[in-house]
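So the protein sequences, as listed, match chains X and W.
At position 208 of the first sequence (counting the first as 1) the number is 207 in numbering that gives the first Met the number 0, and the numbers step up by one without a gap.
At position 39 of the second sequence (counting the first as 1) the number is 38 in numbering that gives the first Met the number 0, and the numbers step up by one without a gap.
Ideal placement from N, C-alpha and C gives every residue a C-beta, glycine not left out.
Values in this document were obtained by computation on a predicted structure and should not be read as measured data.
Here the structure comes first, spelled out in structure tokens, and everything after it is commentary.
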Amino acid sequence: MITVSGLRKTYHARRREVVAVNDVDLEVRPGEIFGVLGRSGAGKSTLLRCVNLLERPDAGTVLVDGVELTALSDRKLRAARRRVGMIHQHFALLSSRTVAGNVAFPLEVAGVPRTQRSARVAELLELVGLSDRAGAYPAQLSGGQKQRVGIARALAAEPTVLLSDEATSALDPDTTRSILDLLLDLNRRLGLTILLITHEMDVVKRVCHAAAVMREGRFTESGPVSELLLTEGSELAAGLFPLPAVQTRQGETAFDVTVSGPAADEPLLSELVRELGVDIRLLGGGVETLAATRAGRLRLAVAGRGEDAAGFLRRRGALVTEVTR
Amino acid sequence: MTWSDISDLLWEGFQETAWMVGLSAVLTAVGGLLLGVLLVLTARGGLLAAPPLNALLGLVVNVGRSLPFIILLVAVIPFTRAVVGTTIGTTAAIVPLTIGAIPFYARIVETALREVPADVVSAAIAMGSSRRQIVGKVLLREARPALVAGLTITVIALVGYSAMAGVVGGGGLGDLAIRYGYQRFETEVMIATVVVLVVFVQLIQMLGDVVVRRLSHR
Numbered sequence: 000m001i002t003v004s005g006l007r008k009t010y011h012a013r014r015r016e017v018v019a020v021n022d023v024d025l026e027v028r029p030g031e032i033f034g035v036l037g038r039s040g041a042g043k044s045t046l047l048r049c050v051n052l053l054e055r056p057d058a059g060t061v062l063v064d065g066v067e068l069t070a071l072s073d074r075k076l077r078a079a080r081r082r083v084g085m086i087h088q089h090f091a092l093l094s095s096r097t098v099a100g101n102v103a104f105p106l107e108v109a110g111v112p113r114t115q116r117s118a119r120v121a122e123l124l125e126l127v128g129l130s131d132r133a134g135a136y137p138a139q140l141s142g143g144q145k146q147r148v149g150i151a152r153a154l155a156a157e158p159t160v161l162l163s164d165e166a167t168s169a170l171d172p173d174t175t176r177s178i179l180d181l182l183l184d185l186n187r188r189l190g191l192t193i194l195l196i197t198h199e200m201d202v203v204k205r206v207c208h209a210a211a212v213m214r215e216g217r218f219t220e221s222g223p224v225s226e227l228l229l230t231e232g233s234e235l236a237a238g239l240f241p242l243p244a245v246q247t248r249q250g251e252t253a254f255d256v257t258v259s260g261p262a263a264d265e266p267l268l269s270e271l272v273r274e275l276g277v278d279i280r281l282l283g284g285g286v287e288t289l290a291a292t293r294a295g296r297l298r299l300a301v302a303g304r305g306e307d308a309a310g311f312l313r314r315r316g317a318l319v320t321e322v323t324r
Numbered sequence: 000m001t002w003s004d005i006s007d008l009l010w011e012g013f014q015e016t017a018w019m020v021g022l023s024a025v026l027t028a029v030g031g032l033l034l035g036v037l038l039v040l041t042a043r044g045g046l047l048a049a050p051p052l053n054a055l056l057g058l059v060v061n062v063g064r065s066l067p068f069i070i071l072l073v074a075v076i077p078f079t080r081a082v083v084g085t086t087i088g089t090t091a092a093i094v095p096l097t098i099g100a101i102p103f104y105a106r107i108v109e110t111a112l113r114e115v116p117a118d119v120v121s122a123a124i125a126m127g128s129s130r131r132q133i134v135g136k137v138l139l140r141e142a143r144p145a146l147v148a149g150l151t152i153t154v155i156a157l158v159g160y161s162a163m164a165g166v167v168g169g170g171g172l173g174d175l176a177i178r179y180g181y182q183r184f185e186t187e188v189m190i191a192t193v194v195v196l197v198v199f200v201q202l203i204q205m206l207g208d209v210v211v212r213r214l215s216h217r
């Protein structure tokens, strides 16, 4: 649905070149929620702004729903942008317009007649649960309500994809959860494809089917969350399941064991104990339901027969890495 | 001089001032908005970025703003003749008043438009707005309270400038105060004029504040 290839964007600041996005390839499949995770300054915001060409990339192409945006004239680009919704960290609502007026804005811009506009606006406000605040001004709303207006506005022109620029970063944890739930719901009900950027691991955990980790303008890893978890050295896996320090005793070997999918719900550890007759201690970790998959990551200390234990777990589909203190 | 003489003079002076300030305020609002929008659009990184044109406009505005009004008043006399066919009288005074106030208001407009958050503008671009829609539906609309507050300041400055219109026979309350109150030592006229001016300015400010309050939803 979104295909970005060879994307590069450089800024010139005081005789210094800053490469914000360095040769990034990205593929978001229809109906997928893709998260780009990175710290501030990693270039993820620039990447997102290049997808709807708010920033013109220096090199590379951007395809959305089969249309190469980078090849369009200004006029055609304006029309194409209406098919790409966007929500913003600080909501970017028009303070001089009511909630209904804000949601109607993209329809006005697209030249939709007034009578059709009001029906569509009512429908959208219903969708985000704000029908009773249609006449309020943004200044009278809470952060979560503002973002709901932002989402309704982004969906007004029936876009095929939604871009989310740190949409929950200015919200408290409870509100973040309700906004993420709304995005998931829209994804499921409307088949909406979502590309989001965030610095919050929790966002990836809750909603993303696929993800990339961005660092200094490049993707250091990218792919379906269930696959990344099973990739050796994945930062995403380490971030999703933080583990405590290694504390092994004499004769023990420590392993990190990651499982994803159905394997996460199997009694792997008791089978391991029964099969090999070893003692294991759980040092830390967890099993969780992510948006993409059930997954678990545990740090174990195995007393004796460490190699055999690792082999057993690997045969059952787990990623096993030996860790030393 | 009787009270009725004074009130006749005041009424005439007030009408002249109101005409000069009123018409030049309308022309200034139009000219200042145009110039202010151009300053913002042509700035580096603006929607119609043209740094050389922007520098030129900035220079014109600064020249306009650096001339003391009394000098501008006489300096533009040839231009005034070309526009209104005469260089003396109330209507002739409107030309220098407008020329003096446009750069002043243009800077206020520029500042007001820059206060519109960048992410709101980029959201509008992302929604497929044309430049015209961004200027009309986003920049000018969002900045409306600041634009009206700035226009109030400008109109009050025009009341002040208009006091110098007597130099070109423009009449008005300021001229009345100088000719009667100062040159003929008619203290009552002076005091009455000052009172009328204070009330006039007060009313303009109150009207401006009311409109700003109704437009503002922040």
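Query, Result
"Proximity winner among X:247, X:251 and X:309, relative to residue 267 of chain X (alpha-carbon distances)", "X:309"
"Extent of the continuous beta strand (DSSP E) to which residue 164 of chain X belongs", "160-164"
"Nearest to residue 188 of chain X (by Cα), restricted to the options X:31, X:138, X:48 and X:133", "X:31"
"Assigned secondary structure, residue 181 of chain W (DSSP; H/G/I helix, E/B strand, else coil)", "helix"
"Buried or exposed (CB count within 10 angstroms, at least 16 for buried), residue 163 of chain X", "buried"
"Minimum Cβ-Cβ distance from residue 7 of chain W to chain X less than 8 angstroms", "no"
"Contact set between the segment 40-58 of chain X and chain W, restricted to residues whose Cβ is under 7 angstroms from the partner", "51 and 53"
"Endpoints, beta strand (DSSP E) assigned at residue 216 of chain X", "Premise fails: residue 216 of chain X is in no beta strand (DSSP E) and is neither H nor E."
"For residue 40 of chain W and residue 132 of chain W, the rounded distance between their alpha carbons", "13 angstroms"
"Residue 293 of chain X - DSSP class collapsed to helix/strand/coil", "strand"
"Residue burial classification, residue 11 of chain X (beta-carbon count within 10 angstroms, cutoff 16)", "exposed"
"Straight-line gap, residue 316 of chain X to residue 136 of chain W (C-alpha atoms, nearest Å)", "57 angstroms"
"Contacts around residue 106 of chain X, its chain only, beta-carbon distance under 7 angstroms, and the 5 residues preceding and following it disregarded", "116, 119, 155 and 156"
"Cβ shell of residue 220 of chain X (< 8 angstroms), same chain only, five flanking positions each side left out", "211, 212, 227, 230, 233, 234 and 235"
"Nearest residue (CA-CA) to residue 257 of chain X, options X:109, X:239, X:97 and X:96", "X:239"
"Short Cβ contact (8 angstroms threshold) for residue 43 of chain X with residue 196 of chain X", "yes"
"Cβ-based neighbour list, residue 4 of chain X, same chain, cut-off 7 angstroms, excluding 5 preceding and 5 following", "24, 59 and 60"
"Alpha helix (DSSP H) runs contained entirely in the segment 10-84 of chain X, provided each spans 4 or more residues", "43-50 and 73-80"
"Residue 90 of chain X classed as buried or exposed, judged by whether at least 16 other C-beta atoms fall within 10 angstroms", "buried"
"Within chain W, partners of residue 89 of chain X - CB distance below 7 angstroms", "118"
"Against chain W: residues of the segment 98-109 of chain X by CB proximity under 8 angstroms", "104, 105, 107, 108 and 109"
"Rounded straight-line distance, which links the Cα of residue 289 of chain X to that of residue 191 of chain X", "19 angstroms"
"Distance, residue 101 of chain X Cα to residue 284 of chain X Cα", "45 angstroms"
"Residues that residue 254 of chain X bridges to, as DSSP identifies them", "X:299 and X:321"
"Contact set between residue 85 of chain X and chain W, taken where Cβ atoms lie within less than 7 angstroms", "122 and 125"
"CB contact check: residue 147 of chain X to chain W, cutoff 8 angstroms", "no"
"Members of the segment 123-153 of chain X that neighbour chain W once the beta carbon cut-off is set at 9 angstroms", "136, 137, 138, 139, 149, 152 and 153"
"Ranges of the alpha helix (DSSP H) found wholly within the segment 100-179 of chain W, counting only runs of at least 4", "117-125, 143-161 and 172-175"
"Segment contact flag, the segment 143-152 of chain W with the segment 195-215 of chain W, C-beta cutoff 8 angstroms, min 3 pairs", "yes"
"Minimum C-alpha distance to residue 207 of chain X - residue among X:222, X:218 and X:217", "X:222"
"Beta-carbon proximity list for residue 49 of chain W, same chain, < 6 angstroms, skipping 5 on both sides", "41"
"Neighbour-count burial assignment, residue 379 of chain X, 16 or more Cβ in a 10 Å radius", "Lying outside 0 to 324, the shown extent of chain X, residue 379 of chain X is not represented and no answer is given."
"Per-residue DSSP class, three states only, for residue 197 of chain X", "strand"
"Segments of 3+ residues assigned as beta strand (DSSP E) that fall wholly inside the segment 78-162 of chain X", "83-87"
"Chain X contact residues for residue 141 of chain W, given Cβ-Cβ distances below 8 angstroms", "93, 94 and 95"
"Rounded distance between the beta-carbons of residue 153 of chain X and residue 99 of chain X, thought under 8 angstroms", "At roughly 15 angstroms, the Cβ-Cβ gap does not stay under 8 angstroms, so residue 99 of chain X and residue 153 of chain X are not in contact."
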